[in-house]
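For the sequence shown, this note's numbering assigns the number 8 to the initial residue and increments by one for each residue that follows. Take a look at the structure set out below.
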Amino acid sequence: MYSEIQRERADIGGLMARPEYREWNPELIKPKKLLNPVKASRSHQELHRELLMNHRRGLGVDSKPELQRVLEHRRRNQLIKKKKEELEAKRLQCPFEQELLRRQQRLNQLEKPPGEGRGSRPGVY
């Protein structure tokens with residue numbers, strides 16, 4: 008009869024290759040531990056080394072995380088791009104479209120009730 012420990016060893020032994028079988032047949036492919044591509048990359052090693060040095064010196068890295076900085080940079084670029092597109096669209100409008108836009112704005116101002124905003128009565132702020 009097997010004890011509890013021997014049953015566990017029998018279960019584990021079925022899953023793992025025994026070393027004597029690996030060494031016995033030279034034609035078998037010997038397993039190698041796979042490298043983590045992130046840790047193997049040069050840039051990751053340099054970043055890790057820099058973070059360790061800063062941690063040892065007590066220097067804080069940036070006050071903002073990298074993701075937040077990247078997102079702010081993207082937002083800023085999108086706003087700049089949007090403003091450029093708006094300016095370009097205004098410049099490219101033909102005189103007919105500009106006149107239609109002016110008339111539309113005048114109609115909108117006339118349709119507003121008098122107490123709604125500053126722009127309802129010219130010259131009064």
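Every residue gets a Cβ at the ideal spot worked out from N, C-alpha and C, and that includes glycine. In this text, all values refer to a predicted model and were calculated from it rather than measured experimentally.
Can you give me the start and stop residues for the alpha helix (DSSP H) that residue i sits inside?
i: Glu79; result: Glu73 to Leu99
i: Glu106; result: Pro102 to Glu118
i: Asn61; result: Arg49 to Arg64
If I measure Cβ to Cβ from residue i and keep anything under 7 Å in the same chain, skipping five residues before and after, which residues do I get?
i: His41; result: Note on residue identity: the sequence assigns Leu, not His, to residue 41. Cβ within range, chain order: n/a, list empty.
i: Leu114; result: none
Whole angstroms is fine: what's the gap from residue i's alpha carbon to residue j's?
i: Lys119; j: Pro72; result: 47 Å
i: Gln52; j: Gln112; result: 60 Å
i: Arg110; j: Pro102; result: 12 Å
i: Lys90; j: Glu57; result: 39 Å
i: His55; j: Glu92; result: 41 Å
i: Leu86; j: His80; result: 10 Å
i: Arg82; j: Gln75; result: 11 Å
i: Lys97; j: Asn84; result: 20 Å
i: Glu95; j: Ser48; result: 44 Å
Could you pull out every residue in the same chain whose Cβ sits closer than 8 Å to the Cβ of residue i, ignoring the five residues on either side in sequence?
i: Leu108; result: Gln100
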